[in-house]
Structures are given as C-alpha cells and as structure tokens.
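Participant:
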Amino acid sequence: MPALSRRTVIKGAAAATGLPLLPGAASASRVPVTREEHRVVVIGSGFGDGVTALRLAQARMPVHVLERGISWPTGPNAETFPHPTAPDKRIFWLGSEPNLFGLVSFPFERYTGLLERVPGNGMDIMCAAGVDGGSLIYQGMTLQPTEEVFNANFPEQLDYARMDQVYYPRVASMLRIATAPDELIASPAYAAARVFARNARAAGHLVEKIPMPIDWSYALRELKGEMKQSYTNGDRAFGVNNGGKHSVDVTYLAAAEATGHCTVATLHNVTDVAVAPVGRWLIHVDRIDTGGVVLEKKVLTANALVMAAGTANTTKLLMRAGATGGIPDLPDGLGTNWGSNGDQICTWTSLADDLGSPQGGPVIYGSEEWVDPALANTVIQAFLPPLPNLRTTMLVGYGVSAGRGHFVYDAAKDDAVLQWPGSADAKLARRIHKRITDIGGAAAVKLNTTTLVPSTWHPLGGASMGTVCDLAGRVLGHRGLYVLDGALMPGHRRVQPVHDHRRHRRTGPGRDRRPGRGRCLLRRPMNRTVVLSPSRRCSPAPGHHPHPATTKKPATTIAPSP
Ligand SMILES: Cc1cc2nc3c(=O)[nH]c(=O)nc-3n(C[C@H](O)[C@H](O)[C@H](O)COP(=O)(O)OP(=O)(O)OC[C@H]3O[C@@H](n4cnc5c(N)ncnc54)[C@H](O)[C@@H]3O)c2cc1C
Numbered sequence: 001m002p003a004l005s006r007r008t009v010i011k012g013a014a015a016a017t018g019l020p021l022l023p024g025a026a027s028a029s030r031v032p033v034t035r036e037e038h039r040v041v042v043i044g045s046g047f048g049d050g051v052t053a054l055r056l057a058q059a060r061m062p063v064h065v066l067e068r069g070i071s072w073p074t075g076p077n078a079e080t081f082p083h084p085t086a087p088d089k090r091i092f093w094l095g096s097e098p099n100l101f102g103l104v105s106f107p108f109e110r111y112t113g114l115l116e117r118v119p120g121n122g123m124d125i126m127c128a129a130g131v132d133g134g135s136l137i138y139q140g141m142t143l144q145p146t147e148e149v150f151n152a153n154f155p156e157q158l159d160y161a162r163m164d165q166v167y168y169p170r171v172a173s174m175l176r177i178a179t180a181p182d183e184l185i186a187s188p189a190y191a192a193a194r195v196f197a198r199n200a201r202a203a204g205h206l207v208e209k210i211p212m213p214i215d216w217s218y219a220l221r222e223l224k225g226e227m228k229q230s231y232t233n234g235d236r237a238f239g240v241n242n243g244g245k246h247s248v249d250v251t252y253l254a255a256a257e258a259t260g261h262c263t264v265a266t267l268h269n270v271t272d273v274a275v276a277p278v279g280r281w282l283i284h285v286d287r288i289d290t291g292g293v294v295l296e297k298k299v300l301t302a303n304a305l306v307m308a309a310g311t312a313n314t315t316k317l318l319m320r321a322g323a324t325g326g327i328p329d330l331p332d333g334l335g336t337n338w339g340s341n342g343d344q345i346c347t348w349t350s351l352a353d354d355l356g357s358p359q360g361g362p363v364i365y366g367s368e369e370w371v372d373p374a375l376a377n378t379v380i381q382a383f384l385p386p387l388p389n390l391r392t393t394m395l396v397g398y399g400v401s402a403g404r405g406h407f408v409y410d411a412a413k414d415d416a417v418l419q420w421p422g423s424a425d426a427k428l429a430r431r432i433h434k435r436i437t438d439i440g441g442a443a444a445v446k447l448n449t450t451t452l453v454p455s456t457w458h459p460l461g462g463a464s465m466g467t468v469c470d471l472a473g474r475v476l477g478h479r480g481l482y483v484l485d486g487a488l489m490p491g492h493r494r495v496q497p498v499h500d501h502r503r504h505r506r507t508g509p510g511r512d513r514r515p516g517r518g519r520c521l522l523r524r525p526m527n528r529t530v531v532l533s534p535s536r537r538c539s540p541a542p543g544h545h546p547h548p549a550t551t552k553k554p555a556t557t558i559a560p561s562p
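Using UniProt numbering, you'd call the opening residue of the sequence shown number 1 and step up by one each time.
Below you can see the structure in the form of structure tokens.
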C-alpha cells in the first residue's frame, strides 16, 4: 500500500517535493526521508484508534495506524512488563519520567517505555505509550453511566437508549468484561478487598463488583501455582505479564489487522500534522529506535487523518499545527474544556484490620455514589505492589467535577502546556475524601498523594465534541480531519464506547468528507443527522460530567468477543 517514492536528506526532499518544512522536521539532517501515500492515517493505537481501525477495516477501507511505542506481547509467565519492586528502563517513555524537585533523576537509560508524564502548570497528565495505548497499563474498570448521569453530561443529541442497547453491550462483548469470582475474593490475597467492602457497607455506602476486561481464570490458576503471580500479588502495576486481559491489542486491533485492511507501524512518532493541497493531510513522522534515535523521517499524505494520540498528545499536535500555521482556522475552543476526572489517589493504612500482603488485584469492588449527576463519584480499592506487610492499601476516587483546565501554546517551547487551576476539583475532592474517611474508619491513616503530586490518569477533553468537533468527531470546518479519542470527550466520563459506532462503515474517513454529509449513528431517532455549529456549545455547563455506573447486565450473560 505505501508508495515509497524517494530517499534523500530532508532539506533536499522538501525542496524536491515542495512540502513545507515543519518544526519537527527542520532539525534533522542526514536522516533519510521517505514519502508515503495513504487513504486513512490514524495516529495512535489506544482505545480510540483500535475501534476506529476495526470499523474502517471492516468497511474494507485501508487504514494505516502510526504508533510511537513498541508492542508488549503477553502470555503465561512472560517477562514483558517491568516489576514495580524492581524498576527498570521499561517504565517511562523517552525522558518523560518525573524527577523529585529537580534533584533525583530516573537512573535508567532512555527507552520507549510504558508511561509518559506530560507536565502541566498545576496538574500533570499520565498517559501510556505503546501498541494498546492506555489499555496496556490501565486497571480495566469498565463502567457504564446511568441514564441520568449520561444525559447530564453528554450532548442531548446522543441517545442514551441507543448507547444502552447497542454500543455499551458491544464494547462489553468485545472486551469480555466480567467481575471477579467469589472463590478468588475469598482467598488470602484479597483481604484488603473484603475489608473495603465490609467497611463501605457498614458506613452505608453502596458496594458493587467492578466489571473488568479480564479472564479471571488466570488469577485462579495463579493461586493454584500454574503460572507465576501477576494478578494475585500486586505485581501488575505496569501491566499483566501473564495475559488474560482483553486489551485493545488483542481485541480491536487484532481484529482490524485480521481483515487485511489495517497496518500498524510501531516506533513511528508523529511530530507534526498539517493540511496539504487539495484537501489532503500531511503527517510528519520520526521513525525511531527504542532509545529515541531518529532513523528515518517520513512524510505521509492521507485523504483522511484521525487524531487519536490520547487527550494530551492529540490536543498538543493540533494546537501546534494551529499556532505554526500548519492547519489554519482551527476552532477557537481547541485546548479548552479539559477535565481531570477528579482523580484522588490515597494510601489507606488500617490500624484495625490486617489488609494483607501480597495484595491481589487489579480492582474487585467499588463504591458508587451517583444519585447527584453533578457530583457523581466512585471510590475503589486497588492493590499495593508486593512489599512487606504495611497494613496499607490504595483507595482511589474519581468522578464528576466542575473543574476545567485549558492548554496554552508556548512559542518558546513550541509546545502547548496544560494550565490547571489548583482548586478546580475541590468540591468533588471533599466529597471523595469524606467517603474515604467513612470507609477507612476511625482507626486509619490516609495519605492523599494527589495533593502531594497533582496528576491524573484519566484526562478528558481538549478537542471536545460541541466546541471543536461535531458528535462524530469531525473537526469543525476541516474536512477529513477527525478526533476520536479522549480529547473528544466533553471533560469527564469513563466511557470508551462513544467511539464504538458504525459510522465509519458508511461515511467515515476517506468516504464522504463534505461537512455535514456523514451520518452519525450516535443520534436521536428518525435519521436526523447531528452536526453542530461551532457556535453551539453542546456540552453542558461546567460541573456536568458523565460518570460511570455499573453495567446493568451480569457479566456471565455477555457474549464472548468475535
Ligand atoms: C495507570 C492507568 C490506569 C487507568 N485505569 C483505567 C480504568 O481502570 N478504567 C478506565 O476506563 N480508564 C483507565 N485509565 C484511562 C484510560 O487508559 C484512558 O482513558 C484511555 O486509554 C484513553 O484512550 P485514548 O484513545 O484517548 O488514548 P490512549 O489509550 O492513551 O492512546 C493514545 C495512543 O497514541 C499514541 N501516541 C501518542 N502520541 C503519539 C504520537 N505523537 N505519535 C504516534 N503515536 C502517539 C500513544 O502511544 C498511545 O498508544 C487508566 C489510565 C492509566 C494511565
């Protein structure tokens, strides 16, 4: 499919092709340049990308996925992921590791590792790097909002009934979500989960098992000694070596590649995007090695470009393109309406109960409080890595918050940086900490790590539907340019399925790129196409954000993935 037309040094290539030299390309010399032509290019291989790639490939649309990181294959007893008790270079993405007040640095060589810390003013974003995106390292909590929470936080044109009947079940089926079996929970490694559930109920809070994209038989087999521990000893903080997690690479992406219409290029780091003549798109890519050395520069041209590099990197790429003139006239709302999902991460040391060690995971129980859609929140118990028994575990809360941040382009750094008002999540944080105190009980010591190091694992927004894109992810005023990842969300949720619709089968990238001509299946009945004008802000007022609710159907009724 790719047509390799020439190899030369970059300046020569730019002169020969008439392509503009973009900022990321200008610094290189003596690096070969390759040109390629594609129908559809998708940036990233996470949730947004996986779903997009599969639906396009099923429609026989050739789709080329660019992923900056490497593949992380798993299987029983694999040693793919680093161990939290023996850290190594695989943890952090090329030089993005945190350093403590500029004093203590990460003592390992640069590597195309799993986690990128994206520093902001007032809040850092933690995101994943590698084939699979966030599902590489995420816990896997797969929650469906109630109708009230959904309607309070998503544009009214999105029909909850259709989401409930079609899209949430489709995702649940694809990810084969299931809750932990009682046999596992009764085992010694899950003492912390049992104490959490008992205390939360005693304090009058709702407790439910959290649906996860996990084949729990792996954990049971670990207990029987049939494979090394990963689920059952808290060793999986950076990924489950044994497998059994139905992540994007083994579900959506694998199915997309199996069609023969999807290719995935790893170690392809997109540096810039720009509009090309006659309505096409230019994508500048560094092909790198695992130490980050640029081996080749690629200039791709595509009929359609899908931005799915995750909330931070999609927003940054688009804002740079806007600021440097690569894509003129991007919508004014770009970089705004960003939410942290209200993350609050605490340690909980119990003086009353032995929470056990090692601690199994990833997540068994959660306590949901969603009656008020404007302050809906969830508190879950997670695990500690395999350490001596400290009578300590992790409690994590998140939910709906009025807090909003925005990105500002800094010309000196040639980067867009998040600006986060420090107290933006204060109301939600107070509510979560009240509930954590209830659950921990009087004889408990809590440490709020979010106060010490403000950060989120669940960033949302930046190129939101209703302000920057329409409900189908089309960037307003820019035919053939799409945002289909967390950046599209209106600030808050825990909902991937908004990406999982059949829109692309008929009108997706590369087909009908005329504004307003694509038919979005995420709409109200009667075939009324939903296309919002830039001036119509369809996301609700700040403070209204979707939040997960439990899946309504027992996991056992969910069909296996295709
Ligand atoms: C530790 C952790 C735990 C989490 N737990 C949960 C959970 O339990 N439940 C839940 O719902 N969510 C959880 N999340 C959040 C969830 O993982 C994200 O919301 C989700 O992955 C976002 O999907 P996305 O498509 O927006 O982007 P991602 O999944 O982040 O995918 C973006 C992809 O783009 C690639 N990319 C970025 N920049 C470039 C570039 N310039 N060139 C090429 N490729 C690029 C990245 O490498 C990545 O593969 C967790 C996240 C973390 C970090």
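Note that beta-carbon positions come from the ideal geometry of N, C-alpha and C, so glycine has one too.
Just so we're clear, the structure is a prediction, and the values are computed from it rather than from any experiment.
1) In the DSSP output, which residue or residues are listed as bridge partners for D415?
2) Specify the secondary structure class of A126 as computed by DSSP and reduced to three states.
3) How is the beta strand (DSSP E) around E368 delimited, first residue to last?
4) I need the boundaries of the alpha helix (DSSP H) containing K297, first residue and last residue.
5) For the candidate residues A256, R221, G243 and V270, whose alpha-carbon lies nearest to that of Q58?
6) Between which residues of its own chain and E109 is the CB-CB distance below 6 Å, once the five residues before and five after are set aside?
7) For E208, which residues does DSSP report across the bridge?
8) Please name the residue in Y409, G292 and K434 whose C-alpha comes closest to that of D332.
9) Looking at N341 and H458, is the spacing between their C-beta atoms short of 7 Å?
10) When the Cα of Y231 is compared with those of Q139, D159, A203 and Q157, which residue comes out closest?
11) So, using beta-carbon positions, are W72 and G130 closer together than 7 Å?
12) Under 6 Å: does the beta carbon of A128 sit that close to some heavy atom of ligand 1?
13) DSSP state of M233, grouped into three classes?
14) Beta strand (DSSP E) containing A276: first to last residue?
15) Suppose you measure from the CA of Q344 to the CA of E368; what does that come to, to the nearest Å?
16) Suppose you measure from the CA of E148 to the CA of T34; what does that come to, to the nearest Å?
17) Leaving aside the five residues before and after V118 along the sequence, list all residues of the same chain whose C-beta is less than 7 Å from its C-beta, in chain order.
18) Check for me: the alpha helix (DSSP H) holding T263 runs from which residue to which?
19) Give every residue of the same chain whose Cβ lies closer than 7 Å to the Cβ of D329, excluding the five residues on either side of it in the sequence, and list them in chain order.
20) When DSSP builds the beta bridges, which residues end up paired with R404?
21) Sorry if obvious, but does the Cβ on L56 come closer than 6 Å to a heavy atom of ligand 1?
22) What does the alpha-carbon distance come out to for the pair A352 and V468?
23) Based on Cα-Cα distance, which residue from L481, V51, G480 and A463 lies nearest to V248?
24) Cβ of E368 versus every heavy atom of ligand 1: is any distance shorter than 6 Å?
25) Exposed or buried, which one is R513 when buried takes at least 16 other CB atoms within 10 Å?
26) Rounding to the nearest angstrom, what Cα-Cα distance links V475 and E222 in this structure?
27) Among residues of its own chain, excluding the 5 on either side of T383, which ones have a beta-carbon nearer than 6 Å to its beta-carbon?
28) Quick check on the DSSP output: the alpha helix (DSSP H) that includes E183 runs from which residue to which?
29) Where does R68 land, buried or exposed, given buried means 16+ other C-beta within 10 angstroms?
30) For the alpha helix (DSSP H) containing T315, list its first residue and its last residue.
31) Compare the Cα-Cα distances from A192 to each of P373, I439 and G486 and report the closest residue.
32) Quick one, are the C-beta atoms of L295 and D289 less than 7 Å apart?
Facilitator: Well, looking at it:
1) As a position in the sequence shown, residue 415 is number 415, starting the count at 1. Answer is D410, bridged to D415.
2) Here residue 126 corresponds to residue number 126 of the sequence shown, with the count starting at 1. Rather than Ala, the amino acid found at residue 126 in this sequence is Met. M126 falls in the strand class under three-state DSSP.
3) As a working mapping, residue 368 is identified with position 368 in the sequence shown. Where E368 is concerned, the enclosing beta strand (DSSP E) stretches over Y365 to E369.
4) As a working mapping, residue 297 is identified with position 297 in the sequence shown. From DSSP, K297 is part of no alpha helix (DSSP H) but of the beta strand (DSSP E) over V294 to M307.
5) Mapped onto the sequence shown, residue 58 falls at position 58. That would be A256, whose Cα lies nearest to the Cα of Q58.
6) Your numbering for residue 109 matches position 109 in the sequence shown. Contacts found: K89.
7) For the purposes of this step, residue 208 is identified with residue 208 of the sequence shown, where counting begins at 1. Per DSSP, the beta bridge partners of E208 are G366.
8) Sequence index remark: in the sequence shown, residue 332 carries index 332 (1-based). With distances taken between Cα atoms, D332 lies closest to Y409.
9) Within the sequence shown, numbered from 1, the residue matching residue 458 stands at position 458. Within the sequence shown, numbered from 1, the residue matching residue 341 stands at position 341. It is a contact, given that the beta carbons lie within the stated cut-off.
10) Reading the sequence shown from its first residue, position 231 is the one you call residue 231. Nearest option by C-alpha distance: Q139.
11) Within the sequence shown, numbered from 1, the residue matching residue 72 stands at position 72. Within the sequence shown, numbered from 1, the residue matching residue 130 stands at position 130. Result yes, Cβ atoms of W72 and G130 sit closer than 7 Å.
12) Counting from 1 along the sequence shown, the entry for residue 128 is found at position 128. It does: the Cβ of A128 is within 6 Å (strictly closer) of some heavy atom of ligand 1.
13) The residue you call residue 233 lines up with position 233 of the sequence shown. A quick correction: the sequence has Asn, not Met, at residue 233. Coil, per DSSP.
14) By one-based count along the sequence shown, residue 276 stands at place 276. Here the beta strand (DSSP E) through A276 covers H268 to A276.
15) Working through the sequence shown from its first residue, we reach residue 344 at position 344. Working through the sequence shown from its first residue, we reach residue 368 at position 368. Taking the straight line joining both Cα atoms gives about 15 Å.
16) As a first step, residue 148 must be located in the sequence shown, where it is residue number 148. As a first step, residue 34 must be located in the sequence shown, where it is residue number 34. Taking the straight line joining both Cα atoms gives about 51 Å.
17) Stepping through the sequence shown from its first residue, residue 118 is reached at position 118. Once the five neighbours on either side are set aside, the close Cβ partners of V118 are D124, I125, C127 and A312.
18) Locating residue 263 in the sequence shown gives position 263, counting from the first residue. No alpha helix (DSSP H) contains T263, which is instead part of the beta strand (DSSP E) from C262 to A265.
19) On the sequence shown, residue 329 is found 329 positions in, with the first residue counted as 1. Hits under 7 Å: G477.
20) Translated into the one-based positions of the sequence shown, residue 404 becomes position 404. According to DSSP, R404 bridges with nothing at all.
21) Looking up residue 56 in the sequence shown gives position 56. Not under cutoff, so the answer is no.
22) Translated into the one-based positions of the sequence shown, residue 352 becomes position 352. Translated into the one-based positions of the sequence shown, residue 468 becomes position 468. Answer to the nearest angstrom: the Cα atoms are 51 Å apart.
23) Here the question's residue 248 lines up with position 248 in the sequence shown. Minimum Cα distance to V248 is reached at V51.
24) Translated into the one-based positions of the sequence shown, residue 368 becomes position 368. No.
25) One-based indexing of the sequence shown puts residue 513 at position 513. Here R513 scores only 30 on pLDDT, less than 50, and its place in the model is too uncertain to base an answer on.
26) Within the sequence shown, numbered from 1, the residue matching residue 475 stands at position 475. Within the sequence shown, numbered from 1, the residue matching residue 222 stands at position 222. Between V475 and E222, the C-alpha separation is close to 47 Å.
27) Translated into the one-based positions of the sequence shown, residue 383 becomes position 383. Thr is not the amino acid found at residue 383; the sequence shown has Phe there. Cβ within range, chain order: G234, Q359 and G361.
28) By one-based count along the sequence shown, residue 183 stands at place 183. E183 -> alpha helix (DSSP H) spans D182 to I185.
29) Taking the first residue of the sequence shown as position 1, residue 68 is located at position 68. Buried, since its Cβ has 16 or more Cβ neighbours within 10 Å.
30) As a working note, residue 315 is residue 315 in the sequence shown. In the DSSP assignment, T315 falls within the unbroken alpha helix (DSSP H) covering G310 to T324.
31) Taking the first residue of the sequence shown as 1, we reach residue 192 at position 192. Minimum Cα distance to A192 is reached at I439.
32) Position 295 of the sequence shown holds residue 295. Position 289 of the sequence shown holds residue 289. Yes, Cβ-Cβ distance for L295 and D289 is below 7 Å.
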